[in-house]
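Data block below; observations after.
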Amino acid sequence: MTMTKRVLLKGEFFAEWSGSLDEAAALAGVPVGDLAFHPDDLLAEVQEQRRQAYRTESDPLRLEAEFDAIAAGTEPDLAAWVAAVQAIKARYPLPE
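Residues 36 to 131, numbered by our numbering, are exactly what the sequence shown covers, in order.
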């Protein structure tokens, strides 16, 4: 999934773009160093990537651990879920 993000040229709004900054710079004929994605859009993109990864990778592990624990009358072992969440956060770090 590629989100459309706002591109800034020297800190000012320039365009909306779903490709890379390199592609935008080549198309616009400006140095790539003069372009940046809007910080809010970068954050939103990472948050959506994390949400999708949680939904498909870590949440099923937590649900299974909780179900198994309820069925056995024990506390859930969430170690696999914690490891999956840590891996997702490492794969999709929040922008600084």
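C-beta atoms are modelled at their ideal positions from N, C-alpha and C, and glycine is treated no differently.
Inter-residue Cα distance where the pair is residue i and residue j
i: Ala63; j: Arg41; result: 14 angstroms
i: Asp112; j: Ala100; result: 6 angstroms
i: Asp94; j: Arg85; result: 12 angstroms
i: Leu56; j: Glu47; result: 15 angstroms
Residue i, buried or exposed, once every other Cβ within 10 Å from all chains shown has been counted against 16
i: Ala114; result: exposed
i: Leu70; result: buried
CB of residue i within 8 angstroms of CB of residue j, strictly
i: Val65; j: Tyr127; result: no
i: Leu43; j: Leu78; result: no
i: Ile123; j: Glu83; result: no
Which listed residue (the options) has its alpha carbon closest to that of residue i
i: Trp52; options: Gly46, Lys45 and Ala60; result: Ala60
i: Leu96; options: Gly108, Val120 and Asp57; result: Val120
i: Met38; options: Asp75, Arg90, Ala125 and Ala107; result: Asp75
i: Gly68; options: Lys45, Ala125 and Tyr89; result: Lys45
Contact belief for residue i with residue j at Cβ below 8 angstroms, rounded distance in angstroms
i: Glu110; j: Ala118; result: That belief does not hold up - the Cβ atoms of Glu110 and Ala118 are roughly 17 angstroms apart, past 8 angstroms.
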